[in-house]
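Residue numbering for the sequence shown follows our numbering, starting at 81 and increasing by one per position. The C-beta atom is built at its ideal place from N, Cα and C for all residues, glycine as well.
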Amino acid sequence: MDITRVKLSALWTVVMFNIAFADIVGFIHPGTLEKIIDGSFGFPVTPGLLLVFSIFIEIPLVMIFLCLVLSDRSSRLLNTLALILTTLFVVGGGSATYSYFFFATIEIVCMLAIMWFVWKRLGKLNA
Numbered sequence: 081m082d083i084t085r086v087k088l089s090a091l092w093t094v095v096m097f098n099i100a101f102a103d104i105v106g107f108i109h110p111g112t113l114e115k116i117i118d119g120s121f122g123f124p125v126t127p128g129l130l131l132v133f134s135i136f137i138e139i140p141l142v143m144i145f146l147c148l149v150l151s152d153r154s155s156r157l158l159n160t161l162a163l164i165l166t167t168l169f170v171v172g173g174g175s176a177t178y179s180y181f182f183f184a185t186i187e188i189v190c191m192l193a194i195m196w197f198v199w200k201r202l203g204k205l206n207a
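Given below as C-alpha cells:
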C-alpha cells in the first residue's frame with residue numbers, strides 16, 4: 081500500500097474526529113442544547129438544513145476510503161474539492177467559542193497537510 085495514501089486517509093480520519101468532537105463539546109456548552117431544542121438557535125433547524133449538514137459531514141468520511149482507492153489524478157481532484165468544501169463548512173459552520181477555534185485550527189492544519197501530500201507527494205516515491 082502506498083504510504084502517502086495511508087497518510088492521507090489518516091489525516092482525513094483526524095479531520096473527521098475533530099469535526100465530531102467539536103460538535104460534541106459544543107453541545108456541552110451551557111445553553112446550546114436548550115436553544116436547539118426550543119428552536120431559538122438563531123436560525124430554523126429544518127430537515128433540509130440537517131441534510132446539508134449531513135452531506136458536509138459525509139465528505140471527510142468518504143475521503144477516508146477514497147484516498148486509498150482512487151487514481152493519483154482523481155485523488156488530487158477529489159481531495160482538492162473535498163478540502164474546499166470542508167474548509168467552508170469548518171469556517172462557516174462553527175461557533176465563536178475557544179473550544180471550536182481549537183478544533184477548527186486542528187482541522188485546518190490537517191487539511192493543509194492533506195493538500196501538501198496530494199500535490200507534492202502523491203504518485204512520487206514515498207519516503
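Pick from the options that is closest to residue i, judged by C-alpha positions
| i | options | result |
| --- | --- | --- |
| Ser-151 | Ile-108, Val-198 and Pro-124 | Val-198 |
| Phe-101 | Leu-202, Lys-200 and Phe-183 | Phe-183 |
| Thr-93 | Pro-110, Leu-129 and Met-191 | Met-191 |
| Leu-91 | Ile-117, Leu-168 and Val-142 | Val-142 |
| Thr-112 | Thr-185, Trp-196 and Ser-175 | Ser-175 |
| Ser-134 | Tyr-178, Gly-173, Leu-202 and Arg-153 | Gly-173 |
| Thr-166 | Arg-85, Lys-87, Asn-98 and Val-86 | Asn-98 |
Start and end residues, alpha helix (DSSP H) containing residue i
| i | result |
| --- | --- |
| Arg-85 | 83 to 108 |
| Val-189 | 178 to 196 |
| Leu-113 | 112 to 118 |
Cβ neighbour criterion (16 or more within 10 Å) applied to residue i
| i | result |
| --- | --- |
| Ile-83 | exposed |
| Glu-187 | buried |
| Leu-146 | buried |
| Pro-124 | exposed |
Coarse secondary structure for residue i, derived from DSSP in three states
| i | result |
| --- | --- |
| Gly-128 | helix |
| Ser-155 | helix |
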